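K.L.:
Residue numbering for the sequence shown follows the working numbering, starting at 135 and increasing by one per position.
We treat Cβ as the ideally placed atom computed from N, Cα and C, and that holds for glycine.
Computed from a predicted structure; not experimentally measured.
Quick one: the structure is below, questions incoming.
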Amino acid sequence: MPSQKVGYARVSTKEQDLSLQLDALNKFDCDKIFTDKVSSVKQRHGLQEALDYLRDGDSLVVWKLDRLCRSLPDLIKISDQIKEKGAELISITENIDTSTPAGRLYFNILGALGQMERELIQERVKAGLAAARKRGKVGGKPRVSQDKIDLARRELSEGRTYPDVAKIIGIHPQTLYRLVPVKSLDIE
């Protein structure tokens with residue numbers, strides 16, 4: 135089967151129109167076009183269908199890179215999926231084609247920037263946690279005191295329900311089930 139140009143277009147609000155993107159993709163002679171209208175980050179069925187449709191030698195064509203993805207890490211993830219299929223990525227507006235040396239260079243630079251961004255985020259998170267620890271703040275939920283656990287045992291032994299006792303001591307019922315398993319109670 136000869137290689138194909140697979141188009142993808144996306145609009146993120148009801149007011150936006152796909153026609154500009156579709157015109158550009160049709161003018162670029164795309165063999166098949168997939169679309170997403172008012173998509174969420176997690177539910178882009180058209181994009182997933184386009185990626186599934188790609189075969190070795192095909193090209194995924196977009197009008198503009200921001201129609202393909204919302205962030206640099208997202209772009210890198212999607213471009214990796216395209217590469218795994220043996221396909222290329224073409225952005226009409228930015229004049230990017232990963233089948234050319236210049237296009238591959240561009241994506242290698244984007245990959246390096248994405249890696250740097252991830253590392254900077256990790257450094258900021260570590261620094262923030264260290265600063266919070268110095269100020270005496272500890273991450274996570276506060277521990278349930280032994281006094282509260284003992285109170286919960288007494289209340290449960292007297293016949294109160296887990297949800298009622300959880301409300302009394304200010305924790306989620308599931309946390310109470312974990313802290314005071316039913317098997318551990320002396321209830322007849």
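Just to confirm my understanding: we take Val-299, look at its own chain, exclude 5 residues before and 5 after, and list those with CB closer than 7 angstroms. What are they?
P.N.:
Ala-286, Glu-289, Leu-290 and Leu-310
K.L.:
CB Tyr-142 to CB Val-196, shorter than 7 angstroms?
P.N.:
Yes; because the gap between Cβ atoms is below 7 angstroms, this pair is in contact.
K.L.:
According to DSSP, is Glu-222 helix, strand or coil?
P.N.:
Strand.
K.L.:
Do Gln-138 and Asp-192 have their C-beta atoms within less than 7 angstroms of each other?
P.N.:
yes
K.L.:
Please classify Ile-224: is it buried, with 16 or more other beta-carbons within 10 angstroms of its beta-carbon, or exposed?
P.N.:
buried
K.L.:
Can you say whether Arg-201 is buried or exposed, counting buried as having 16 or more other CB atoms within 10 angstroms of its CB?
P.N.:
Answer is buried; the Cβ neighbour count reaches 16.
K.L.:
With a cut-off of 7 angstroms, does the C-beta of Gln-177 fall near any C-beta of chain B?
P.N.:
Of the protein chains in the structure, only one exists, and it is not chain B.
K.L.:
Please classify Arg-258 as buried or exposed, where buried requires at least 16 other C-beta atoms within 10 Å of its C-beta.
P.N.:
exposed
K.L.:
Give me the Cα-Cα distance between Gly-293 and Glu-218, rounded to the nearest whole angstrom.
P.N.:
60 angstroms
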